[in-house]
Structure formats: structure tokens, C-alpha cells
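Novice: If you scroll down you'll find the structure; I have some questions about it.
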Amino acid sequence: VLYEQEGVFIHSSCGKNDDQDSLIAGILRVIEKENEVVVDWRPLDESLDTSNILCAGKDSSSVVEWTQTPKEKCSRGADRPSSYEAEWDMVTTVSFKKKPHSNGDATSHANGESKWSFLFSLTDLKSIKQNKEGMGWSYLVFCLKDDVKLPALHFHHGDSKLLIKCLEKHVVLNESPHDERVLLVKTQKSLSQSFENLFDEPSYGLLQKWKKDPYVVTMGRFSKVTNYIFDSFRSSDPSNQRRPPSEMADFLNDTIPGLKINQQEEPGFEVITRIDLGKQPEVSRREPVSTEEWAKNMDSEGRILDVDYIKRLIFKGGLCHTLRKEAWKFLLGYFPWNSTREERANLQKRKTDEYFRMKLQWKSVSEEQEKRNSRLRDYRSLIEKDVNRTDRTNKFYEGEDNPGLILLHDILMTYCMYDFDLGYVQGMSDLLSPVLYVMENEVDAFWCFVSYMDQMHQNFEEQMQGMKTQLIQLSTLLRLLDSGFCSYLESQDSGYLYFCFRWLLIRFKREFSFQDILRLWEVMWTELPCQNFHLLLCCAILESEKQQIMDKHYGFNEILKHINELSMKIDVEYILCKAEAISMQMMNCKELPQAVSEILGIETSSVTPDSDTGEDESGAELGCTTLYQSISTPVIAANGTRDGAQQMSERQSLAPA
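Structure follows, in C-alpha cells:
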């Protein structure tokens, strides 16, 4: 419900005394449904005698049909003042009949719905007539397409301006040049149906939503952004010329607050001159880690013997699916790497109690309490909306009343109790879905999700600092990798790399198939071969598309469209190999810029290869070159040190009180 107002009346002079209006009190709502926004009015008193007036119905095009029945007309009072608006006694001259429906949509009055109720979709709205101040209470008259007018709605207990403001978020309203009391709905071109299941809303509406909440628009409609933007900025003259791309780029900067990047003002900004990184090495991948390999690397008490070794195996090949349920708990930090089976069992027991205590907090909130807690209501509403459209083609979530959907909902609601300041932001359901799919357990999925959100938290914070930082870092890496391509993107006003926004926000969840995402995420969670490996994955994808973008001279619009259409068409194994090769290129560079070293977490000593270091047995098994093994060893050792400190802390937390 976007808007709700009681005390909205219809004035009918069909009563016994024509000198006095019959007032029909009602409640007016603007409701956002899945595919449309509708205006709904219905009376508060359902016991009215409606024998004179029948209800309005919808025809197949969703336009309310109002049929005049001359013999049912009531005469206007002869002493009615001439200044009295005709709309006030609209009901006097018109009665409302259901239009017959061939598809069986028509319902009889016997179904219990009030004969006074009506609703219409905003896509059917043509104009709104309003009275001016100083004429008593305000009223509005909605005129639909084909010049069909609805009864005037009188706002006895409130100003109609709030309703107008609500409607302006979804349609463009312009004052009529012929009558200042009339607001005309600006006609918009229908939206392209080429990408996703679209919502019938004007381009302007999307832009307003984008400016208000870029996350929602990015998640729900990002692949349609190009057409929306250009449709909304087309001039109204017959030539229908588009504005220049530079103006469009300025609009993008304005609509995502805080994301405008001025590199000269960013701390640590470094001008990167052209550096020869050399040829990208050939990289191969291995088979996924098997249950046998995993078991061999575990002692009798269940401790992982060689954490660095098992991480390298996972990085090079991922995990077989049967192993994921156990291994992901380690990769995400739910289980400490050095814990025993007994310690992990005790940890799960404590975490189970903690989870259900938090779940009980929102489960025990009464309806009366929730009425006074707007944030909790908003979180619940958004979660319910997102859950119903998250991975519904996956068997784990498909169908109605699916237990997987219930778990998805409950975990996200409980996370709001865990981190009420952040609560729920659209996109989180995308991060939880694969985790729950693998865990098949509510408690384990929750705590793994908590660990994942610890990594992703900044992506969802209101100031969007995490997204801004990643876009700056990606730009820095891409410029080192291919300054010519960067210059081309800048010449097309695409240098800010906004088209990578969704990649970074939810870690490629919408770009790869569900099974490929399982592989991609577990590789990234190893934190090998360097920090921010996901940024190198972005570089790998962009470099793969560079030739087509530049050869075909794609502009701002075409670049955005092309990148969006890559969804579900990217080969995950190829991109992992390419990203690894890029990391080897950069770590092998003797003149690696300081800014790049910091982004990738490479110490100065680690960027110079040690020619005396040869392959060890694990290096040969993994198919790594001598150079890669010698480069990656210091990074892995550094990670091992961090892991050791973390393990000591976690071991202390696992120790009995």
C-alpha cells in the first residue's frame, strides 16, 4: 500500500431529497501489485442501499467501463446553484453496469463485494481534474482513456495533494494548457520486452525509483536501464532526437548519490603510466576436490591438516557437490579451520540456541506491536516480496508453499534481528539462496550467511562506500591491464564502469547459472591468489568483450546493453582461468604500481619472482608454473599467518568456560 486515506466521499444526489447530497464515505488506496499500480476506492459502510447504482467492472484492457442507463437517471435539483460542479453529482446521471466478460472475469454482486467499489490501473489514467484552494474541501475527478470519467472523490478529512505526490512517483503529470485545474498524464512509450518480465510503468517512474533506491532498480530492472533512460530523455518533437551520451552519463552520476568518482580527490590515487605486463600465461584448472582428498587432509579428531594446501586445491578446481555442505562452513568462517569434530558439534549447539532466540524475537511480535514498528513492517514487506521471486526456477524454491521459500523468509527476518541497523536490503536474498540450497539446514545456512554478509556488508550500507571503493579499484586495475580500452570507455562516457554495479553488488549472482555460481563463490572464498580476486574476474570479463565493444564502436547505450546481455552466457571456467592469468601477470610485474599492490594485497617483496624457487609436489599436482608458485607462496604464507591468529582466537572461543 503506497497511499491510504479515509474520509474520501462520493457525493450522490440520488437520495429522496435532491437538495441534499447523499454522502458515501470510503477509503482510498494506491496499491502496488506485481505488475501494476492501481487506485482503489471502496465504501466504509457496506450496508448502503445500492439499488440505484451498480458497481464498476473491468473490460479485457483493464479500463473501467461506465455505462449510462438513461431510464435510471435521477433528475438534478432545479435549485442547484449554477456554480456547483457537474462532477459533484456525477452519480446522479450515470449508473454503472458490469460489462460482460467472455473470459469469465465478471463477478456478480452476490460475491459480497460492494457495488460502490471501483479500481483502475494507472496505465489507464488519462487526466485528473482538481479544484483549487478556497473552494471548501478538495476533490479529484479521474478521467480514464476513451474519456470515461469516474465519480468525484471528495477529501473531507485530508488534503488531496498527498495523493497527487504519490501518483507523481509513477506517472508524469503536466498541467493542461487549456485548464489549470486539469493534470494530464504524459504518454510514454511502452517498455521493451526483450530482457525480463517487465512492469508496465513509464520511464519516468523508473528513474524516480532509481534516484530513491538504486539497489532496488539495479536488482530488479538493471538489464532494462538503457531503454528506460533513453526513452525518458527523448525530446517531444517529431524528430525524436536523443540527448548526447555525455548528458546521459551526468544523469547516471546524479542518480546514484555518492558514487561520482573524482580520482584526483580520492586518497591514494596514483597516475598509472603504461606498463608492459608481458604475455598472459596459460592457466589450467583441475577436477573438483573429492571427498577422498578432503578426508585424507583431516586427522582422527577432524582437524584440517594443511589449510593452505586444501585452499589451493579448492581454488584450482572447486568442490564436488557432496563436499560443499561441510567445506563451505570452513570457507565462510562458520567453522574454524583448526577445530575438532567435537568442538564444531558444541559450536553448532550454541549457535542453534542463539539462532532460535533471535527468531523468537520477531516471531513473538504481535500485530499491534508491529503497527508501531514501521522499520520491522518495511523489512518484512520487502523480504516477502523478494522471497517470492528469488530463484523460483530452481527446484529447491519452485512451486507454491515451498518449504525452501519459508526458510529463506525466516532466515532473512532473523538476520534483521541479528543486525537491525542494516536490516534487509534488496539483493540479500540472492546471496542467501545458494547458501541455503547447499546447507539444507536453517541454522547452518543462517550462520554461513552471517559470515558472508560480514564480507559484503559495505555493499548494502546506505552511503554505498563499499561500492564506490570497488568501482575505483576496478578502474585502477583495468587501466593497468589495458589503458587503451579504459580510454575508449571514457570517450564513450562509460569510464565510471557503472555497468559493473550489479556484478559487484551481489558477486555475479545474476550473471552466471546457479550451478556456476556455486563454483565461482567457493573459489573466491579461498581468498587466493590475492585480495579482491573478484575485481580481476570483472577485468577478465571486460577484457574478453573488449574486441567486440571497440571493433563495433559501441557507444554509451550499446556498451550498457551489451554488458547486460552477457547474463547467463559467460563460461565460468574460462573466466576463472583468465582472471588467474591476470593475477599472475600483475604479481610477476617488477614495476607494479603501489595502488595496484595495495588493492591486491601484494607485498613489495612478493612482486619480484624468485628464480631459485622450484615447484614442490603440490605445485606440480596443481599444474602451476614455477613462477606462479614462487609468487603466490608469500601471499599464501601471509594468509596462513592471519589464519593462525584467527584460529588461536577461535580456539579460545571454543574452549569450555
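Under UniProt numbering, the first residue of the sequence shown is numbered 1, with each subsequent residue one higher.
Idealized CB from N, CA, C, for every residue including glycine.
It should be emphasised that the depicted structure is a prediction, and the values quoted were computed from it without experimental measurement.
Which partner residues does S22 have in the DSSP bridge list?
Specialist: DSSP lists S12 as partners of S22.
Novice: Would you report the Cα separation of G26 and K161, rounded to the nearest angstrom?
Specialist: Approximately 18 angstroms between the Cα atoms of the pair.
Novice: Report the rounded CA-to-CA distance for M584 versus W362, giving the unit in angstroms.
Specialist: Whole-angstrom Cα-Cα distance: 49 angstroms.
Novice: Just the Cα atoms here: how many angstroms apart are F485 and G302?
Specialist: The alpha-carbon atoms of F485 and G302 are separated by roughly 50 angstroms.
Novice: For F155 and C416, what's the separation of their Cα atoms in angstroms?
Specialist: Cα to Cα, F155 sits roughly 38 angstroms from C416.
Novice: To the nearest angstrom, report how far apart T322 and Q547 are at their CA atoms.
Specialist: When rounded, the distance between both Cα atoms is 39 angstroms.
Novice: Using the DSSP secondary-structure output, state which residues sit across from M118 in a beta bridge.
Specialist: A quick correction: the sequence has Phe, not Met, at residue 118. DSSP lists W41 as partners of F118.
Novice: Compare the C-alpha of L542 against each of D430, F514, M524, Y574 and name the closest.
Specialist: Checking every option, the nearest Cα to that of L542 belongs to Y574.
Novice: Pair every Cβ in the segment 470–490 with every Cβ in the segment 580–597, then say whether three or more of these pairs are closer than 8 angstroms.
Specialist: Yes, they touch.
Novice: Start and end of the alpha helix (DSSP H) containing L376?
Specialist: Its alpha helix (DSSP H) spans residues 374–387.
Novice: Need the endpoints of the alpha helix (DSSP H) that N564 sits in, please.
Specialist: Its alpha helix (DSSP H) spans residues 556–564.
Novice: Could you give the DSSP three-state label for F501: helix, strand or coil?
Specialist: In the structure shown, F501 sits in a helix (DSSP, three-state: H, G or I).
Novice: What alpha helix (DSSP H) runs, 4 residues minimum, are completely inside the segment 510–556?
Specialist: Counting whole runs of 4 or more residues, the segment 510–556 contains the alpha helix (DSSP H) stretches 514–524, 533–551.
Novice: Would you decide whether V1 is buried or exposed? Buried here means 16 or more other CB atoms lie within 10 Å of its CB.
Specialist: Exposed: under 16 other Cβ atoms inside 10 Å.
Novice: Have a look at the DSSP bridge pairing and note the partners of K129.
Specialist: K129 is bridged to V141, V182.
Novice: Take T352 and list the residues in its own chain whose beta-carbon comes closer than 8 angstroms to its own, dropping the five residues that flank it on each side.
Specialist: Closer than 8 angstroms at the Cβ level, and outside the excluded window around T352, lie V443.
Novice: Using 10 angstroms around the beta-carbon of D299, count the other beta-carbons present and answer buried if the total reaches 16, otherwise exposed.
Specialist: Label assigned to D299: exposed.
Novice: If we ignore side chains and look at the alpha-carbon of each, how far apart do P288 and G317 end up?
Specialist: Their backbone Cα atoms lie some 4 angstroms apart in a straight line.
Novice: How far does the beta strand (DSSP E) with F155 in it reach, from first residue to last?
Specialist: 153–155 is the span of the beta strand (DSSP E), which, as asked, contains F155.
Novice: Evaluate G404 with the Cβ neighbour count: other Cβ atoms within 10 Å of its Cβ, from every protein chain shown; 16 or more gives buried, anything less gives exposed.
Specialist: The residue is buried, with at least 16 neighbouring Cβ atoms inside 10 Å.
Novice: Write down every uninterrupted run of the alpha helix (DSSP H) in the segment 273–344 whose length is 4 residues or greater and which is fully enclosed by it, in chain order.
Specialist: DSSP runs (the alpha helix (DSSP H)) wholly in the segment 273–344: 291–296, 307–317, 321–331.
Novice: If you drop the 5 nearest sequence neighbours on each side, which residues of the same chain put their C-beta closer than 7 angstroms to that of P257?
Specialist: In this predicted model, P257 has a pLDDT of only 42, less than 50, meaning its place in the structure is not dependable; the value taken from the coordinates is given anyway. Contacts found: none.
Novice: Within 10 Å of its beta-carbon, does E367 have 16 or more other beta-carbons around it, so buried, or fewer, so exposed?
Specialist: Under this definition E367 is an exposed residue.
Novice: Could you tell me the alpha carbon to alpha carbon distance between I10 and C143, rounded to whole angstroms?
Specialist: In a straight line, the C-alpha of I10 is about 15 angstroms away from that of C143.
Novice: Which same chain residues end up closer than 6 angstroms to L119 when comparing Cβ atoms and leaving out the 5 residues on each side of it in sequence?
Specialist: So the list reads V38, D40, once near-sequence residues are dropped.
Novice: What residue range does the beta strand (DSSP E) around L2 cover?
Specialist: First-last for L2: undefined, no H or E at that position.
Novice: Can you tell me which of the three DSSP states I31 falls into?
Specialist: Strand, per DSSP.
Novice: Rounding to the nearest angstrom, what Cα-Cα distance links E342 and Q348 in this structure?
Specialist: Each residue's alpha carbon lies about 10 angstroms from the other.
Novice: Considering residue 670, what are the terminal residues of the beta strand (DSSP E) in which it resides?
Specialist: Residue 670 is absent from the structure shown; the chain starts at 1 and stops at 657.
Novice: Decide yes or no for the touch test of the segment 429–437 against the segment 511–531: beta carbon pairs closer than 8 angstroms, at least 3 of them.
Specialist: These segments touch.
Novice: Which of helix, strand or coil does DSSP assign to V438?
Specialist: Note: V438 maps to helix in three-state DSSP.
Novice: Kindly confirm or deny that the segment 382–392 and the segment 328–342 touch, where touching means at least three C-beta pairs closer than 8 angstroms.
Specialist: No, they do not touch.
Novice: Leaving aside the five residues before and after E398 along the sequence, list all residues of the same chain whose C-beta is less than 6 angstroms from its C-beta, in chain order.
Specialist: Same-chain partners within the cutoff: R392.
Novice: Considering Cα atoms alone, identify which of H170, N131, V141 is closest to R181.
Specialist: Looking at the Cα atoms, N131 is the closest of the given residues.
Novice: Return the CA-CA distance between A152 and D124, expressed in angstroms with no decimal places.
Specialist: Whole-angstrom Cα-Cα distance: 17 angstroms.
Novice: Do L122 and V171 have their C-beta atoms closer together than 8 angstroms?
Specialist: Yes, the Cβ-Cβ distance between L122 and V171 is below 8 angstroms.
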